[in-house]
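Asks:
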Amino acid sequence: MTSLTSIHIASLTFNTTRIKHIKLPYYSSHPIKTSPPFFTPKPISIRPNSVSETPVSLPVDDDQEVDDDPTAELSYLDPETDPETVTEWELDFCSRPILDIRGKKIWELVACDSSLSLQYTKYFPNNVINSVTLKDAIVSICDELDVPIPDKIRFFRSQMQTIITRACKELGIKPIPSKRVNIFSDVKKELETLEKSFAFGATLDLDLLGIEIDDNTLIPGLAVASSRARPLAAWMNGLEVCSVEADLARANLVLSVGISTRYVYASYKKSPVTTSEAEAWEAAKKISGGLHFLAIQDSLDSDDCVGFWLLLDLPPSPV
């Protein structure tokens, strides 16, 4: 099977606005081809290890405000619009590349009118997707925004035709399958643009942990480049990622999650060079007090991350 993921072990300067790959002065770093961890996690021996984490998105420019929550719901009606005139909607109902706590994709309902005077988004778990849920959601939109049940609803997704048509007919709405939903396409493009700026991951409260990091301190990290970077980051976002460590004997990278679960995250070809790199990486972790990071990118040359976790490798509790 062709490898989809390449892994680069390096010691990097952690900068709040950009992540740059900087090699450790005492070894040369080379990409290591591995099998994608997204498909082949393997449980191994257990040791307790848990770190409190808080959600984080990638830093953005000071003059740019971005909502970190990709599932933030929207309910809007232009106050200058007469609600009685909002009689034709455009609607989409589909799964999104966002996982819930069960690791299942959530579904998104988006509704608007041609002038965008009405805009609405709502999210649902995948086990309630049917015409009854959609019908109730349409009624809820009307009640919440104080608008009448629409006369017509246009939609473009043929896979959802049965559910949308059934829900509309139960409410006396004329369903119109159509690709002439230009305004709605603009809404989708805007949502996709916002979605691209969101990153999965977690950070640590260094002040609370009593950790002081000098601006010149090199923080070791693991950069993972994958053609499936977003699904991989979404999968990992459902785990309580604690730390990454190199198993020198087995030539593996071990991912610790939760309280006592460890996975073989990736493997590399064992050689004097790779062993030296792994030893240097572990030594750099000790110098930084166990602080390190895991970044997931579309490419190692990219300045952006799809996922970023600031991690701390703690010794096992003596109790």
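Each residue of the sequence shown is one higher than the one before, starting from 1 at the first, in full-length UniProt numbering.
We put the beta carbon where it would ideally sit given N, CA and C, even for glycine.
Please classify Pro150 as buried or exposed, where buried requires at least 16 neighbouring CB atoms within 10 angstroms.
Replies: For this step, residue 150 is matched to residue 150 along the sequence shown. Label assigned to Pro150: buried.
Asks: Can you give the beta carbon distance from Leu291 to Ile176, rounded, assuming they're within the 8 angstroms contact cut?
Replies: Along the sequence shown, read from residue 1 onward, the residue named residue 291 stands at position 291. Along the sequence shown, read from residue 1 onward, the residue named residue 176 stands at position 176. Contact check for Leu291 and Ile176: beta-carbon distance about 56 angstroms, past the 8 angstroms limit, so the pair fails to qualify.
Asks: Could you tell me the boundaries of the beta strand (DSSP E) in which Asp92 lies?
Replies: The residue you call residue 92 lines up with position 92 of the sequence shown. Unbroken beta strand (DSSP E) run through Asp92: 88-99.
Asks: Would you mind reading off the limits of the alpha helix (DSSP H) that contains Arg166?
Replies: Mapped onto the sequence shown, residue 166 falls at position 166. Under the DSSP assignment, Arg166 falls in the alpha helix (DSSP H) whose first and last residues are 161-170.
Asks: Helix, strand or coil, according to DSSP, for Thr81 in the structure here?
Replies: Your numbering for residue 81 matches position 81 in the sequence shown. If DSSP states are grouped into helix, strand and coil, Thr81 belongs with coil.
Asks: DSSP three-state label for Leu224, please.
Replies: Taking the first residue of the sequence shown as 1, we reach residue 224 at position 224. Note that residue 224 is Val in the sequence shown here, rather than Leu. Here Val224 sits in strand by DSSP.
Asks: Would you decide whether Leu255 is buried or exposed? Buried here means 16 or more other CB atoms lie within 10 Å of its CB.
Replies: Looking up residue 255 in the sequence shown gives position 255. With 16 or more Cβ atoms within 10 Å of its Cβ, Leu255 is classed as buried.
Asks: Per DSSP, which residues does Phe155 bridge with? Please list them.
Replies: The residue you call residue 155 lines up with position 155 of the sequence shown. According to DSSP, which records beta bridges pairwise, Phe155 is partnered with Pro177.
Asks: Given a cut-off of 8 angstroms on the beta-carbon distance, is the pair Leu118 and Val86 in contact?
Replies: Here residue 118 corresponds to residue number 118 of the sequence shown, with the count starting at 1. Here residue 86 corresponds to residue number 86 of the sequence shown, with the count starting at 1. Closer than 8 angstroms, so yes.
Asks: Which same chain residues end up closer than 6 angstroms to Asp304 when comparing Cβ atoms and leaving out the 5 residues on each side of it in sequence?
Replies: By one-based count along the sequence shown, residue 304 stands at place 304. None.
Asks: Given 8 angstroms as the limit, is there contact between the stretch 203-212 and the stretch 162-182, that is, 3 or more CB pairs closer than that?
Replies: no
Asks: Which residue's Cα is closest to the Cα of Ile211: Glu80, Leu314, Phe308?
Replies: Here residue 211 corresponds to residue number 211 of the sequence shown, with the count starting at 1. Answer by Cα proximity: Leu314.
Asks: Taking 8 angstroms as the threshold, find out whether the stretch 132-148 comes into contact with the stretch 82-102 through three or more Cβ pairs.
Replies: yes
Asks: Look up Lys104 in the DSSP assignment and say whether it is helix, strand or coil.
Replies: One-based indexing of the sequence shown puts residue 104 at position 104. The answer is coil: DSSP assigns Lys104 none of H, G, I, E or B.
Asks: Pull up the CB-CB distance for Ser276 and Asn252, whole angstroms please, since I reckon it's below 8 angstroms.
Replies: What you label residue 276 is simply residue 276 of the sequence shown in a count that begins at 1. What you label residue 252 is simply residue 252 of the sequence shown in a count that begins at 1. Contact flag wrong, Cβ pair sits at about 16 angstroms.
Asks: Between which two residues does the beta strand (DSSP E) carrying Leu253 extend?
Replies: Taking the first residue of the sequence shown as position 1, residue 253 is located at position 253. Where Leu253 is concerned, the enclosing beta strand (DSSP E) stretches over 252-257.
Asks: Under 8 angstroms, with one C-beta from each stretch per pair, do the stretch 221-229 and the stretch 280-296 reach the 3-pair mark?
Replies: yes
Asks: Given that a residue counts as buried once 16 or more other Cβ atoms are within 10 Å of its Cβ, and exposed if not, what is Val128?
Replies: As a first step, residue 128 is located in the sequence shown; it is residue number 128 there, counting from the start. The residue is exposed, with fewer than 16 neighbouring Cβ atoms inside 10 Å.
Asks: Is Leu109 helix, strand or coil when you go by DSSP?
Replies: Along the sequence shown, read from residue 1 onward, the residue named residue 109 stands at position 109. If DSSP states are grouped into helix, strand and coil, Leu109 belongs with the strands.
Asks: Please state the DSSP three-state secondary structure of Ser243.
Replies: In the sequence shown, counting from the first residue as 1, residue 243 sits at position 243. In the three-state reduction of the DSSP assignment, Ser243 falls in the strand class.
Asks: Over the uninterrupted beta strand (DSSP E) stretch that includes Leu206, give me the two end residues.
Replies: As a first step, residue 206 must be located in the sequence shown, where it is residue number 206. No beta strand (DSSP E) contains Leu206, which is instead part of the alpha helix (DSSP H) from 206-209.
Asks: Would you kindly check if the distance between the Cβ of Trp107 and the Cβ of Ser95 is under 8 angstroms?
Replies: Locating residue 95 in the sequence shown gives position 95, counting from the first residue. Locating residue 107 in the sequence shown gives position 107, counting from the first residue. Contact flag set, yes.
Asks: Is the beta carbon of Leu239 closer than 8 angstroms to that of Val257?
Replies: Translated into positions along the sequence shown, residue 257 becomes position 257. Translated into positions along the sequence shown, residue 239 becomes position 239. With contacts defined by Cβ atoms closer than 8 angstroms, Val257 and Leu239 form a contacting pair.
Asks: Measure the beta-carbon distance from residue 321 to Val181 and round it to whole angstroms, keeping in mind my assumption that it falls under 8 angstroms.
Replies: Nothing can be reported for residue 321: it is not among the residues displayed for the chain, which extend from 1 to 319.
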